[in-house]
Amino acid sequence: MSSFNKYNFNENLLKSIKDLNFNKPTPIQDKVIPEILSLDKDIIATAQTGTGKTAAFGLPIIQLTDNKNKDIECIILCPTRELCLQITKELNSYCTYMKYYRIVAIYGGAKVETQIKNLKKNPKIIVCTPGRLNDLIKRKRMDFSLVKYFVLDEADEMLSMGFKSEIDKILKEIPLDRKIYLFSATLSAKVKKITETYMSKPLMIATSSANKGAETIKHIYCISTKSKRYDLIKNIIDINQNIYTIIFCRTRRETNDISNKLIKDNYNAKVLNGDLSQNERDRVMRQFREKNINILVATDVASRGIDVNNLSHIINYNLPDDPEVYVHRSGRTGRAGKEGISIALVSKREYKRLREIEKLSKISFTQIEAPTDTEVFKSQIKSFTDRIINISLPNEKEKEMFKDFYNKLNSFTKEEIIGKIISMNIESSDTTKINTNNKKSSKNEMVDIDTQISKLIINVGRLDRMNPQELIRLINKTIRSRDTEIGKIDIQKSYSTFEVDSKAKKMIISKMKHIRHNRKLILVSIYNPDLIDISKNKKHKSKKRRRRKK
Ligand code: ADP
Ligand code: MG
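Numbering (the working numbering), first residue to last: 22 to 571.
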């Protein structure tokens, strides 16, 4: 049973809460919800980003305004269009079973007409950015005479964006007996002033996590020039085997640049920036939340409102101008009592900004030396060893299959084999051969060991009227033998893959190069799932070549 049941919310709300998998109230919700429901006091609540502040005010306000009256009863102010949409979406998700209950978003940069039309549908709550709301107030007398609840979300940010006078104007429009609820991640002097002007004996609520959470974050920095930064990031990732991180950059270009490099280097990384469509963003976020990717390279703007907070590391590819932004970034790690690490990479010049952040945000940074290649290597050997320790032994059938392998290695002592494993890893000192948790294991990794089955790809598929029988015929014809074992065949649209005995691999690749299927020049290579696009390109090239010949 959901522990939200104790609040006497209506059944529809409870059903949505259940759908959303909110099992129990977060600490800030636990403190704020009963206070709002009691209609007793104005409230100032501080809690870190991602602690569920929206539901802390949203749920009780929806409960209190669930009536058939036609007036706007609640105004929520927030600093940006993105937040406005995010809050509206979140609140709507609480009202899935209350179709009659309307919430309207009012924000700049979109058509006023549509918003005016929406306002005519009798919303109970409007979620607004201050500027646009004032525009609407000027244009048209809006009736706020029945507004009972006024929420300032991300108050600090609104004030630091210079919305003070806009907020003043709006507050003049609403009745004096409204309740004001102010939510913020931090409490600046500016916020305190607003609270003194407008709120009467507000109740101060701070969840301990606002401070404690901060204590569980370790802030470290590393001096590094721009040119060395990418390698440094790679080393940080390699050293931290279970890293789950956002790498923050200042520009889209930087995010694209770094994520492309990481992907090329086989890391499970994706980019999140303004170049992505909403659908693409949603997809990336889903993959990140489900940990299908463990590295997100993002701009601050794009990551606003990301509801993933249990990160192991935050990597600041460079420092933001605004110390507040640094606090927001690092606040995404160190949750639920677990220690999180926020790493800032700074040049000597940027060092001054680091000191500024320390002063303004009361954070202290510790310097670390850039991890050396040796440290990375050691850490990789460690994870390689862990893998060996944890992997299960082959069963009898598999052992039988690899009998040759056993026989060949049998003459070495245990010590020698261990030594050889280490040497093997040292030899491949680019360390990419050691497959760490952070890198995608490429599926053809084992295929190169000349002991088993190899998977090959050929540039003909269904479109070329290829089918399994025809493929077998083609292979046998080329190598003039029927003894070659051919394993699984998979015919795709523009290419096919097939498995063969590894011993025959080289011969097949070289001999099939010279033949044609339906006049198309055949190309065979070792299958690498990451390179399928290339094989398609090759197909195009061969087409061109053919045309030229004609
Ligand atoms: P904040 O405003 O404090 O930064 P949000 O209100 O945006 O945080 O909430 C962050 C995320 O946590 C949202 O995705 C929200 O749906 C989710 N959430 C809120 N309350 C709960 C809860 N009680 N249990 C689980 N998830 C919750
Ligand atoms: Mg919020």
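Even glycine gets a Cβ: it sits at the ideal position worked out from N, Cα and C.
All values reported here derive from a predicted model rather than from experimental measurement.
Inset, instruction - Determine the closest residue to M487 out of L104, R540, L293, with distance taken between C-alpha atoms. - result: Distances from the alpha-carbon of M487 to those of L104, R540, L293 put R540 closest.
Legend entry - Coarse secondary structure for E513, derived from DSSP in three states: The amino acid occupying residue 513 in the given sequence is Gln; Glu does not appear at that position. DSSP places Q513 in coil when its eight states are reduced to three.
Inset, instruction - Return yes when at least one heavy atom of the ligand MG lies under 7 Å from the C-beta of T117, else no. - result: Because no heavy atom of the ligand MG lies under 7 Å away, the Cβ of T117 does not count as near it: no.
Legend entry - Distance cut-off 7 Å: T75 Cβ against heavy atoms of the ligand MG: Within the cutoff, so yes.
Legend entry - N480 burial status per 10 Å Cβ neighbour count (16 or more: buried): Around the beta carbon of N480, 16 or more other beta carbons sit within 10 angstroms, so the residue counts as buried.
Inset, instruction - Over the uninterrupted beta strand (DSSP E) stretch that includes S546, give me the two end residues. - result: Taken as a continuous stretch (DSSP letters only), the beta strand (DSSP E) holding S546 covers 545-547.
Legend entry - Segment contact flag, the region 217-228 with the region 45-55, C-beta cutoff 8 Å, min 3 pairs: Because the criterion of three Cβ pairs below 8 Å is met, the region 217-228 and the region 45-55 touch.
Inset, instruction - Identify the continuous alpha helix (DSSP H) that holds I191 and give its terminal residues. - result: In the DSSP annotation of this structure, the continuous segment of the alpha helix (DSSP H) that includes I191 starts and ends at 185-194.
Inset, instruction - Check whether the Cβ of T67 sits closer than 7 Å to any heavy atom of the ligand ADP, and report yes or no. - result: In this structure, T67 has its beta carbon at no less than 7 Å from each heavy atom of the ligand ADP.
Inset, instruction - Determine the direct distance from the alpha carbon of Q308 to that of A77, and round the result to whole angstroms. - result: When rounded, the distance between both Cα atoms is 27 Å.
Inset, instruction - Can you check DSSP and say which residues form a bridge with A227? - result: Residue pairing for A227: DSSP places it in a beta bridge opposite T67.
Legend entry - Secondary structure, alpha helix (DSSP H): runs of 4+ residues fully inside the region 267-338: 273-285, 299-310, 321-324, all fully within the region 267-338.
Inset, instruction - Enumerate in chain order the residues of its own chain whose CB-to-CB distance from N33 is below 7 Å, with the five nearest sequence positions on each side excluded. - result: Excluding residues within five positions, the ones whose Cβ falls inside 7 Å are Y118, M119.
Legend entry - Bridge partners - D51, DSSP secondary structure assignment: DSSP lists no beta-bridge partner residue for D51.
Inset, instruction - Grab the span of the alpha helix (DSSP H) containing A579 for me, first residue to last. - result: The first residue shown for the chain is 22 and the last is 571, placing residue 579 beyond what the model contains.
Legend entry - Nearest-angstrom Cβ-Cβ length linking N337 and S363, presumed shorter than 8 Å: So it is a contact: roughly 7 Å between Cβ atoms.
Inset, instruction - Taking only heavy atoms of the ligand MG into account, decide whether any of them is closer than 7 Å to the Cβ of D174. - result: Yes, Cβ of D174 sits closer than 7 Å to a heavy atom of the ligand MG.
Inset, instruction - Using a threshold of 8 Å, state whether the C-beta atoms of N381 and P344 are closer than that. - result: What sits at residue 381 in the sequence shown is Leu, not Asn. Contact: yes.
Inset, instruction - Give me the Cβ distance between K514 and L484, rounded to the nearest whole Å; I'm assuming they're in contact under 8 Å. - result: That belief holds up - the Cβ atoms of K514 and L484 are roughly 6 Å apart, short of 8 Å.
Inset, instruction - Confirm, please, whether the CB-CB distance from C95 to I127 is below 8 Å. - result: No Cβ-Cβ contact shorter than 8 Å links I127 with C95.
Inset, instruction - Kindly list the residues whose CB is nearer than 8 Å to the CB of K91, restricted to its own chain and excluding five residues on each side of it in sequence; keep chain order. - result: Cβ neighbours of K91 beyond the five flanking positions: N143.
Legend entry - Every unbroken alpha helix (DSSP H) within the region 395-441, with a cutoff of 4 residues, ordered by chain: Correct list: 417-422, 424-430.
Inset, instruction - Look up E175 in the DSSP assignment and say whether it is helix, strand or coil. - result: E175: coil per DSSP, three-state reduction.
Inset, instruction - Starting from G361, follow its DSSP beta bridges and name the residues at the other end. - result: When DSSP reads this structure, G361 sits in a beta bridge with I238.
Inset, instruction - Measure the alpha-carbon distance for Y288 versus I316 and round it to whole angstroms. - result: Rounded to the nearest angstrom, the two C-alpha atoms are 8 Å apart.
Inset, instruction - Could you check what DSSP says for N33 in three-state terms: helix, strand or coil? - result: In this structure, N33 counts as helix in the three-state DSSP scheme.
Legend entry - Environment of F433 [buried if 16+ CB atoms lie within 10 Å]: F433 comes out exposed.
Legend entry - Boundaries (first-last residue) of the beta strand (DSSP E) holding A126: It spans 124-127 - the beta strand (DSSP E) in which A126 sits, taken as one unbroken run.
Legend entry - Pick from I137, E419, L180 that is closest to A210, judged by C-alpha positions: Cα-wise, what sits closest to A210 is L180.
Legend entry - Cβ neighbours of G508 in the same chain (closer than 6 Å, five flanking residues each side left out): Excluding sequence neighbours, G508 sits near I474, E520.
Inset, instruction - Report the residue from G482, I54, K27, N428 whose alpha carbon sits nearest the alpha carbon of I202. - result: The identity of residue 202 in the sequence shown is Tyr, whereas the question assumes Ile. Ranked by Cα distance from Y202, the first of G482, I54, K27, N428 is I54.
Legend entry - C-alpha distance - P392 paired with V367, whole-angstrom precision: Approximately 15 Å, taken between the alpha carbons.
Inset, instruction - Drop a sphere of 10 angstroms on the beta-carbon of K526, count the other beta-carbons inside from all chains shown, and report buried for 16 or more, exposed for fewer. - result: Residue burial is scored here from C-beta neighbours: K526 has at least 16 other C-beta atoms within 10 angstroms and is therefore classed as buried.
Legend entry - alpha helix (DSSP H) segment containing L104, residue limits: For L104, the enclosing alpha helix (DSSP H) has its first and last residue at 102-115.
Legend entry - Cα-Cα separation between I279 and I314, rounded to whole angstroms: Cα atoms of I279 and I314: separation of roughly 15 Å, rounded to the nearest angstrom.
Legend entry - Helix, strand or coil at E217 [DSSP, three-state]: Helix at E217.
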